[in-house]
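Since the structure comes first, as structure tokens, the remarks are kept for the end.
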Amino acid sequence: MNLHPLVVLSLYTALLSLSACEESLIVDDKEDEQSIVDETETETETETETETETDTALEVETETEVGTEVEVEVETQTEVESEVTYPELLSSWLINNSERSTYIKNGGTDSYAQQLALVNVQSALSDDGRFLRLQATGIPNYSFNISQTQLDWLNNRPNANSDFRVGSGTNVNEGDEIKFGADLNYQNTSPDGCDSGNGLGYWPPGPGCPENVNKNSNIPLIPEVNTQQCETGLGALGYAVNGTSIYGWGDGMSLKNNNGNWSADPQGGAFQTLAPNAEAYDVDLCGGHAANGDYHHHFNSSCLSSAVADNNQGHSDVFGFAADGYPIYGPYHDTNVLAQSCWVARDYTVNSTNGCGADGKRSCLLNDKYDIAAGVGSELSSELQGPDIGESYSSLSGNTFIANDGEFFEDYGFDTSCQTHGEQYLDEFNGHQHGDFNYHYHITLETNLEPKFPYMIGPKFKGVLPDTDSISQCGGVMMGGQGGDQQGAEQQNGEQQGEKPQQDGQQGSGSQGGGPQQGDGSQGGQQQGGDNPPPAQLNS
2 MNLHPLVVLS
12 LYTALLSLSA
22 CEESLIVDDK
32 EDEQSIVDET
42 ETETETETET
52 ETETDTALEV
62 ETETEVGTEV
72 EVEVETQTEV
82 ESEVTYPELL
92 SSWLINNSER
102 STYIKNGGTD
112 SYAQQLALVN
122 VQSALSDDGR
132 FLRLQATGIP
142 NYSFNISQTQ
152 LDWLNNRPNA
162 NSDFRVGSGT
172 NVNEGDEIKF
182 GADLNYQNTS
192 PDGCDSGNGL
202 GYWPPGPGCP
212 ENVNKNSNIP
222 LIPEVNTQQC
232 ETGLGALGYA
242 VNGTSIYGWG
252 DGMSLKNNNG
262 NWSADPQGGA
272 FQTLAPNAEA
282 YDVDLCGGHA
292 ANGDYHHHFN
302 SSCLSSAVAD
312 NNQGHSDVFG
322 FAADGYPIYG
332 PYHDTNVLAQ
342 SCWVARDYTV
352 NSTNGCGADG
362 KRSCLLNDKY
372 DIAAGVGSEL
382 SSELQGPDIG
392 ESYSSLSGNT
402 FIANDGEFFE
412 DYGFDTSCQT
422 HGEQYLDEFN
432 GHQHGDFNYH
442 YHITLETNLE
452 PKFPYMIGPK
462 FKGVLPDTDS
472 ISQCGGVMMG
482 GQGGDQQGAE
492 QQNGEQQGEK
502 PQQDGQQGSG
512 SQGGGPQQGD
522 GSQGGQQQGG
532 DNPPPAQLNS
């Protein structure tokens, strides 16, 4: 069939138009689909973003909450770390609730009082996170086998003829086991008496007898440095790990000149006696004695050293804790390296920066005992002066000693440059901090192992003392225990309560509390009338 050309053109145009429409519809459909997809994606993205933002917010919140938890944990951890800054305070005590003393009774007249006293520490627990509450009787569980050196020292006492009940010596033999309170034949003359329930014959004539002093005291778990000066004094300054009280350098006496005869007197001159020296023959073979029933140490005791098994391998072990919470370690900074006190004895020659108006004269005091380089003050009045170097003086218990260099408290000053010599050198509190050890005190000894001033704790505390149930207080004179039969405090006028020298060389009677005694039965100062072994070495 032949079509007219116009018809063909019209048909072609129509077909093109139809094709264009279809393409348009397809494009529109695709655009619509894309639009729907775009909208869907946009909604999805918006939704996702919203959800993401919400999730993020939740995550942030969660992180914040977790962060808070972490902070709480950190705070808790910090508190715990603070509490265990001195884990020794929680773990070092010799705890006992069953073993009893061989010789020391509870004290009193009823059936309970006649029971033998518990030894060592009964309880050491943290109460509110601030303090460790320590409960102890203070009766140590000491025992040792007596050596020939110790026997000779006992039998060669200057006043041996009057110091023993029968004859002029002890009643035990070399190698015998000596337990705390065993009878060594001493003639104790204290007013309360050392009967068979108090350790008859174990303590020399000077001291009183130990009693079952119940100690119930707070010790800070988190020691705090004291910004104020807190001087130590008489009475307990801390406890050994077996509950035995630790006292300071003094015995509460100073010297008085009675017509050229120097003697101990609570109201004497300006020179105060050091217990390791003046009470050298008033301590037992473990270097301890009692004040008003409170048995205590003023210096290193080899019996205590044995109790804590300190063997001079590396840094010494913990021997006890001061009232401010800082630990007291034994004498060694490292193997065969003694911790070094920076308190030094004055040079009493006239040309010395810390001497007085003439050679050997104790006629002036240091300007500042915490800085020996600060020189001296003006001359003291005659009634306040001390004995010349080399003169003799009589202790309250009737023993005679030579007033050599370093015999009295005022003979010492602190060398402020000393600590630059090495980390084993101690500060004015008799402590330091080094390596992994936080701040701590040290027991101090001379190279010959005799006690070295200030012996355990310096003339002042490093830390703050508890405001309730503290072992001690600034200035001293606190009870050694609380709630017991005896308070265990030394008297303000001296720890040797009521003791007066007797005539004819007899030892005085009365309850002699302890200032820092020297060595284990040590001879502090040079005893007139014989060469005895250094007391600190007797039980080494």
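All the letters of the sequence shown, read from the start, carry residue numbers 2 to 541 under my numbering.
Ideal Cβ placement from N, Cα and C applies to all residues, glycine included.
In the three-state reduction of the DSSP assignment, HIS422 falls in the helix class. Here GLY414 is bridged, per DSSP, to VAL345. Two segments are said to touch when three or more pairs of C-beta atoms, one from each, lie closer than 8 Å; by this definition the stretch 285-304 does not touch the stretch 89-104. About 4 Å separates the beta carbons of VAL120 and ASN142, which is inside the 8 Å limit, making them a contact pair.
Boundaries around SER303 are those of the alpha helix (DSSP H), 303-308, since no beta strand (DSSP E) includes it. Per DSSP, the unbroken alpha helix (DSSP H) holding GLN151 starts and ends at 149-156.
Between the alpha carbons of THR350 and LYS370 lies a gap of roughly 18 Å.
Here DSSP, grouped into helix, strand and coil, assigns ASP252 to strand.
The three-state reading of DSSP puts PRO455 in coil, since its state is none of H, G, I, E or B. If you check the CB distance, ASP164 and PRO206 come in under 7 Å. Relative to PRO332, the option among GLN115, GLY376, THR354, LEU427 whose CA is nearest is LEU427. For the set ALA265, GLY251, ASN260, the Cα lying nearest the Cα of ILE458 is the one of GLY251. Within its own chain, the residues whose Cβ lies closer than 8 Å to the Cβ of ALA310, once the five positions on either side in sequence are excluded, are ASP318, listed in chain order. Counting only residues of its own chain and dropping the five nearest sequence neighbours on each side, GLY170 has a CB closer than 6 Å to the CB of ASN156. Pairing THR245 with GLY139 gives a Cβ-Cβ distance under 7 Å. Annotated three-state conformation of ASN278 is helix, per DSSP. Residue range 262-266 is occupied by the beta strand (DSSP E) that includes SER264.
Around TYR113, the same chain offers ASN107 as residues with beta carbons nearer than 7 Å, after the five sequence neighbours per side are excluded.
Counting the other Cβ atoms within 10 Å of the Cβ of VAL226 gives fewer than 16, which makes it exposed. In this structure, DSSP gives ASN313 a state outside helix and strand, which the three-state scheme calls coil. Pairing TYR327 with GLY464 gives a Cβ-Cβ distance under 7 Å.
Burial check for THR274: the Cβ neighbour count within 10 Å reaches 16 or more, so the residue is buried. Around the beta carbon of HIS441, a 10 Å sphere encloses 16 or more other beta carbons of the protein chains shown; the residue is thus reported as buried.
ILE444 sits in coil when the DSSP states are folded into three classes, being neither helix nor strand. Look at the beta carbons and you see the stretch 434-454 touching the stretch 295-307: at least three pairs across the two are nearer than 8 Å. The bridge partners DSSP lists for ILE329 are GLY321, TYR442. Sixteen is the threshold: since fewer than 16 other Cβ atoms of the shown chains lie within 10 Å of the Cβ of ASP348, the residue is exposed.
Ranked by Cα distance from ASN160, the first of SER396, ARG134, LEU446 is SER396. Taken in chain order, the whole alpha helix (DSSP H) runs of length 4 or more contained in the stretch 75-139 are 89-92. A buried status is given to VAL377, since no fewer than 16 other beta-carbon atoms sit within 10 Å of its beta-carbon. CA-CA distance, LEU90 to GLY249, rounds to 21 Å. Annotation note: the stretch 209-244 contains the following uninterrupted beta strand (DSSP E) runs of length 3 or greater, listed N- to C-terminal: 216-221, 237-241.
Look at ASN368 here: in three-state DSSP terms it is coil, with no helix or strand label. Here DSSP, grouped into helix, strand and coil, assigns ALA340 to coil. When secondary structure is reduced to three states using DSSP, ALA271 falls in the coil class, being assigned neither helix nor strand. In the three-state reduction of the DSSP assignment, ASP184 falls in the coil class, being assigned neither a helical nor a strand state.
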